[in-house]
Amino acid sequence: NSMGTYLLGLVTAGGRLLQVPDEYRTRTTMYSFYARDQWQVNRKLTVSYGSRFEFFPMPWREGGRGMERFDFRTNEMIACGLGGTPRDCGTSVGRLYFSPRLGVAYRATEKTVIRTGFGVNWDPWNLARPLRTNFPILAVFNFAAPAFQWASTFDQGIPQLQTPQVGQNGRIAMPTNYLLNTTGDNFQRSYMMNWNFTVQRDLGKNYVAQVGYVGSRAVRVAGNLNLNAGQTPGLDQAGQPLFQQFRRAVATNLVNALGDTVYHSMQATLTKRFSNGFQANLAYTWSKAIGICCDMQNSGGPQINALNFFALNRTLLPVDRTHNVQFTANYELPFGTGRAIKSGNKVVDSIIGGWQLNGLMSFMTGTPFNVTADGATLLMPGNTQTPDLIAEPTRLGGIGRGNPYFDRNAFREVPRGANRFGTLGLNTMRGPSFFNTDLGLFRQFTFKERFQAQFRAEYFNWTNTPKFANPVGGINSGDFMFVTGTQAGGREPNGDRILRIGMRLSF
2 NSMGTYLLGL VTAGGRLLQV PDEYRTRTTM YSFYARDQWQ VNRKLTVSYG
52 SRFEFFPMPW REGGRGMERF DFRTNEMIAC GLGGTPRDCG TSVGRLYFSP
102 RLGVAYRATE KTVIRTGFGV NWDPWNLARP LRTNFPILAV FNFAAPAFQW
152 ASTFDQGIPQ LQTPQVGQNG RIAMPTNYLL NTTGDNFQRS YMMNWNFTVQ
202 RDLGKNYVAQ VGYVGSRAVR VAGNLNLNAG QTPGLDQAGQ PLFQQFRRAV
252 ATNLVNALGD TVYHSMQATL TKRFSNGFQA NLAYTWSKAI GICCDMQNSG
302 GPQINALNFF ALNRTLLPVD RTHNVQFTAN YELPFGTGRA IKSGNKVVDS
352 IIGGWQLNGL MSFMTGTPFN VTADGATLLM PGNTQTPDLI AEPTRLGGIG
402 RGNPYFDRNA FREVPRGANR FGTLGLNTMR GPSFFNTDLG LFRQFTFKER
452 FQAQFRAEYF NWTNTPKFAN PVGGINSGDF MFVTGTQAGG REPNGDRILR
502 IGMRLSF
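Written out as structure tokens, the structure reads:
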């Protein structure tokens with residue numbers, strides 16, 4: 002269909018941006034107060050307690066007027082603070098947020114300590130972030146045709162955008178093909194509850210072990226909910242609420258609470274305290290993170306915006322890693338003056354002595370990823386379609402094109418005309434694991450009292466192990482289930498092996 006549309010010179014979707022002022026500025030104030038105390042009940046028991054008190058008013062634009070808010074009754078954008086409208090447009094953001102914290106440490110024996118704690122934190126996410134580039138400051142023009150139809154031609158192109166003009170009453174009619182973000186009457190700010198219970202034990206011979214449960218829950222995590230997404234399978238644009246009222250066919254995002262996120266983990270560490278020139282730490286985490294799929298930074302929205310199907314969003318989060326093993330070590334090499342191995346020559350011992358070798362090893366299981374399918378089998382704009390799972394997906398572990406990571410035959414498009422979601426859930430597949438090792442060699446040189454020099458040789462990813470990205474998840478892609486890239490970020494952005502040598506002089 003896409004190739005046929007292209008050959009006919011037809012366009013199914015397009016868009017254009019127009020930033021109206023050359024520069025725009027927003028202003029924000031946040032207030033926070035904190036009080037804490039510690040009570041030494043007796044030699045064995047210590048209690049720490051405190052609270053934060055916070056207030057996050059609505060942001061505003063430079064010059065004194067507020068942000069913008071959409072009127073769902075009239076299809077107009079309101080410039081807050083103009084035409085008699087309050088600067089916050091009447092959006093309630095709460096007056097004072099109370100965040101209590103409590104921590105308890107109990108020394109059960111001379112070698113065993115039990116710790117537990119609980120705390121509440123309010124998300125300080127700034128509402129200026131989703132509202133700062135809003136209509137009419139930024140005009141975002143989008144158009145899309147219904148399934149199997151076209152909206153424009155190559156010859157017609159994309160129309161030029163007109164500069165929006167705000168009326169004296171502070172209102173402007175909202176064009177049907179312009180995107181927008183808006184708050185409602187009541188913005189519900191998210192809060193996080195964190196709790197833990199750990200037991201630490203001195204094992205003797207400079208070894209300390211700790212094991213515990215660590216959990217958290219984020220309540221009412223904020224994001225963008227597209228209130229103009231299709232609500233009924235098979236209706237296409239006719240199922241978009243604002244299309245029925247105003248012929249509005251593009252996203253209309255309400256910035257508010259989406260749902261809860263929960264994290265549970267068992268965390269264990271084994272530490273060898275520094276002795277005989279050696280120190281090491283081994284940490285292991287077994288965890289699960291579940292929430293609303295799949296944006297982690299409040300800047301996006303759920304995969305499924307239809308209210309009657311919203312529960313399908315609840316699944317593993319993209320940051321979930323079942324197993325996480327971390328090992329670090331620091332070893333003072335036994336050479337030179339005062340060490341087990343020395344030459345007897347002061348000059349030679351001063352050169353070969355004082356070196357430290359550091360090491361780091363990381364292993365983590367892969368992260369979940371989405372498998373998506375053709376939205377024409379669903380006909381619900383603003384919602385993500387998934388394929389049917391017709392067999393248990395066998396993990397083949399292939400890397401590169403032509404070598405699938407999972408068996409591609411386990412997935413199938415939803416039959417055309419079925420107008421339903423696929424049987425495969427969101428974020429149910431897991432990609433390649435992560436392994437990395439780094440080495441470092443350090444030496445501190447002292448010249449008199451004021452001058453010091455440090456030599457550093459660092460070998461990142463010295464095993465040259467690539468960190469592969471998740472497979473391509475689009476079932477209609479020619480690269481479906483092929484791993485075609487590496488993970489971004491970290492010291493080696495593409496999984497490269499890097500040797501870095503440096504000298505630092507301090508005085």
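The sequence shown maps to residues 2 to 508 in the numbering used here.
Backbone N, C-alpha and C define an ideal beta-carbon position, used for all residues, glycine too.
Just so we're clear, the structure is a prediction, and the values are computed from it rather than from any experiment.
Helix, strand or coil at residue i according to DSSP, with G and I counted as helix
| i | result |
| --- | --- |
| G104 | strand |
| N225 | strand |
| P131 | helix |
| R62 | strand |
| V349 | helix |
| D261 | strand |
| L313 | helix |
| D237 | helix |
| R116 | strand |
| N410 | helix |
| D186 | coil |
| A330 | strand |
| Y179 | strand |
| P388 | coil |
| R26 | coil |
| V473 | strand |
| F136 | coil |
| G213 | strand |
| Q453 | strand |
| R396 | strand |
| Q169 | coil |
Limits of the unbroken alpha helix (DSSP H) element including residue i
| i | result |
| --- | --- |
| F247 | P242 to F247 |
| S49 | Counting along the chain, S49 falls outside any alpha helix (DSSP H), though it belongs to the beta strand (DSSP E) covering L46 to F56. |
| T6 | S3 to L8 |
Between the CA atoms of residue j and residue i - distance to the nearest angstrom
| i | j | result |
| --- | --- | --- |
| L283 | N346 | 38 Å |
| G185 | Y50 | 36 Å |
| T75 | A374 | 36 Å |
| N135 | V21 | 11 Å |
| D203 | A454 | 37 Å |
| G260 | K273 | 42 Å |
| Q327 | P125 | 30 Å |
| T316 | A411 | 20 Å |
| Q386 | R396 | 22 Å |
| L442 | K449 | 23 Å |
| Y460 | G432 | 27 Å |
| I476 | F407 | 12 Å |
| R498 | P369 | 26 Å |
| T323 | G367 | 8 Å |
| N331 | T464 | 19 Å |
| M362 | I502 | 20 Å |
| N420 | Q232 | 12 Å |
| T286 | V473 | 28 Å |
| A230 | L181 | 13 Å |
| V510 | A174 | The displayed coordinates of the chain run from 2 to 508. Any statement about residue 510 would go beyond what the structure contains. |
| L83 | I400 | 58 Å |
| E77 | S33 | 35 Å |
| P234 | T177 | 22 Å |
| V209 | I115 | 13 Å |
| V94 | F364 | 42 Å |
| S191 | R62 | 24 Å |
| F1 | F456 | With the chain covering only 2 through 508, there is no way to say anything about residue 1. |
Run of the beta strand (DSSP E) containing residue i, from where it starts to where it stops
| i | result |
| --- | --- |
| T286 | F279 to I293 |
| T378 | Run containing T378: none; DSSP gives neither H nor E here. |
| T447 | F435 to F448 |
| L308 | Unbroken run through L308: none, as it is neither H nor E. |
| R17 | A14 to Q20 |
| M78 | E77 to A80 |
| L139 | L139 to A145 |
| D296 | Note, D296: premise wrong, no beta strand (DSSP E); not H, not E. |
| F71 | E69 to D72 |
| A174 | R172 to A174 |
DSSP beta-bridge partners of residue i
| i | result |
| --- | --- |
| M194 | V121 and R218 |
| L500 | Y460 |
| K273 | Y208 and A281 |
| W356 | R444 |
| W40 | V48 |
| I342 | F336 |
| N254 | N182 and N227 |
| M482 | None; M482 has no bridge partner. |
| V200 | I115 and V212 |
| F364 | V326 and F436 |
| L97 | Paired residue(s): none; L97 is not in a bridge. |
| T154 | L11 |
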